[in-house]
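Okay, structure first, notes after.
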Amino acid sequence: MKIMFEKFFPDEYLGSTYKIPFEKLYEQGYRGVIFDIDNTLVPHGAPADERAKRLFQRLREIGFESCLLSNNQKKRVEMFNQEIQTHYIYNALKPARKNYLHAMEIMGTDQTNTLFVGDQLFTDVWGAKRVGIHNILVHPINPKEEIQIVLKRYLEKIVLHFYKKSKKRLKKVAN
Numbered sequence: 001m002k003i004m005f006e007k008f009f010p011d012e013y014l015g016s017t018y019k020i021p022f023e024k025l026y027e028q029g030y031r032g033v034i035f036d037i038d039n040t041l042v043p044h045g046a047p048a049d050e051r052a053k054r055l056f057q058r059l060r061e062i063g064f065e066s067c068l069l070s071n072n073q074k075k076r077v078e079m080f081n082q083e084i085q086t087h088y089i090y091n092a093l094k095p096a097r098k099n100y101l102h103a104m105e106i107m108g109t110d111q112t113n114t115l116f117v118g119d120q121l122f123t124d125v126w127g128a129k130r131v132g133i134h135n136i137l138v139h140p141i142n143p144k145e146e147i148q149i150v151l152k153r154y155l156e157k158i159v160l161h162f163y164k165k166s167k168k169r170l171k172k173v174a175n
């Protein structure tokens, strides 16, 4: 069972986008960050808030390129990006590989120095894994979601159960 789910396991799993140590990641050689928007940066459908604006300012100061990669329509992504002013791709069809690759092309990065941050395993993380970029799964900001996402969350819980179990097993082996 575990092997069946491994292709969905994130490289890292953190509580929030806003707790990611971007300075450390830059020191490790990362130069581009691709972000999902809804429930990764802000609650579903919300405009960019002060926290999101500060994050993108901080990323620019560190030296990162960034790109929003969203399955949402143009109007939603442009509304969010008004205050952020970064690269973006809407209607991305995640987990399809094409727009992850396009985002890296736009940022001038590649699989070795790009990371992806998102809140969903079956779109965000799996798409990033399919193109070979480091991915960070974050807890969704707001539990209130559209029905199709609520249904996916049940399946995600199963995968995350096996992910956490495998992490515990690796910890025991390391000790």
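Following UniProt numbering, the numbering of the sequence shown begins with 1 at its first residue and continues without gaps. In this text, a Cβ means the ideal position worked out from N, Cα and C, and glycines have one as well.
Asked                                                                                                                              : Found
Taking Cβ positions, are Asn91 and Asp11 nearer each other than 7 Å?                                                               : no
With respect to the alpha helix (DSSP H) encompassing Phe116, which residues constitute its N-terminal and C-terminal limits?      : Not the alpha helix (DSSP H): Phe116 falls in the beta strand (DSSP E), residues Thr114 to Gly118.
Figure out for me which residue from Lys19, Val131 and Leu14 has the closest Cα to the Cα of Arg58.                                : Lys19
Taking the beta strand (DSSP E) that Ile84 falls in, what are its first and last residues?                                         : It is not in any beta strand (DSSP E) - Ile84 instead sits in the alpha helix (DSSP H) that spans Lys74 to Ile84.
If you follow the beta strand (DSSP E) that Glu105 is part of, which residue opens it and which one closes it?                     : Per DSSP, Glu105 belongs to no beta strand (DSSP E); it is in the alpha helix (DSSP H), Lys98 to Met107.
From Ile133, Val42, Leu155 and Val138, pick the residue whose C-alpha is nearest to that of Gly32; which is it?                    : Ile133
Just confirm the distance between the C-beta atoms of Thr40 and Cys67, as a whole number of angstroms; I'd bet it's less than 8 Å. : Contact flag wrong, Cβ pair sits at about 13 Å.
Anyone know if the C-beta pair for Gly107 and Glu65 falls short of 7 Å?                                                            : Here the sequence assigns Met to residue 107, which means Gly is not the residue at that position. Going by C-beta atoms, Met107 is nearer than 7 Å to Glu65.
May I have the straight-line CA-CA distance separating Phe56 from Leu160, to the nearest angstrom?                                 : 29 Å
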